[in-house]
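Visitor:
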């Protein structure tokens, strides 16, 4: 009997075109990194040499913290939290009716849907610090300018996040309500709200976390709160007080992040 010849062929995991694309993409990324390094004059040696100076400053200037300054820090921290809380609450109230106009599932009119998406894109493209500078020019220095700036930006974020969730909800309850002769308010009340309410609350808590951290930065440009206190102590070179502020801020943000994540995990 003649034995059948078996041809052993190598099994290729990827096609040759995949390796060509991989090399091309890798080369493009390396070129971008090279251009970024040249544009920013980045130097690894200079960055590494800064670490000993940084650690020496932490040990010699930041410690021991000035714990006598603790009541002032807590007072400004409460103001910062209030700015974040009020701005997030106002943003949630403002965003809730508008998110239905920015969802293609509920808003079938191309002009209003497209116009809403363009407005949201414009608002989100403006950095918070630019927004608060504009509000300072309108209402002056203080917490009100920070609240208005964060409210506008947070409303755009909430509308963007939640409208995408509306577009991915189960449409079977909506179709059933429409088949029974339900109008648009009834569709929203009984078909949409039960599905998006937990998601919307989760997004509100997430935006609250963002606003708490953003309000610290906005204090540098006159929005009040603990950011303004940090700027003042830096100008006075009181790094012992600055170390206390950073420590208290770290503890506060960690606690709020933990609480927010716990609540959001239960809402999911």
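Numbering (full-length UniProt numbering), first residue to last: 1 to 268. Glycine is no exception: its CB is placed at the ideal position from the N, C-alpha and C atoms.
(1) What do you get for residue 130, buried or exposed, if any count of 16 or more other CB atoms within 10 angstroms of its CB means buried?
(2) Cβ atoms of residue 207 and residue 157: under 9 angstroms apart, would you say?
(3) Should residue 154 be flagged as near chain C, meaning a C-beta pair shorter than 9 angstroms?
(4) Is residue 60 helix, strand or coil by DSSP?
(5) How is the alpha helix (DSSP H) around residue 217 delimited, first residue to last?
(6) Ordered along the chain, which non-local residues of its own chain (more than five positions away) have a Cβ less than 8 angstroms from that of residue 8?
(7) So is residue 109 buried or exposed if we call it buried at 16+ other beta carbons inside 10 Å?
(8) Return the residue from the list 219, 95, 236 that minimises the CA-CA distance to residue 228.
(9) Pick helix, strand or coil for residue 125, following the three-state DSSP scheme.
Guide: This is what the structure holds:
(1) Taking a 10 Å sphere around the C-beta of residue 130, we find fewer than 16 other C-beta atoms and assign the residue as exposed.
(2) yes
(3) Among the chains of the structure shown, chain C does not appear; only one protein chain is present.
(4) helix
(5) 193-218
(6) Note that residue 8 has pLDDT 48, beneath the 50 cutoff, so the model's placement of it is unreliable and no number is given.
(7) With a 10 Å radius around the Cβ and a threshold of 16 neighbouring Cβ atoms, residue 109 comes out exposed.
(8) 219
(9) helix
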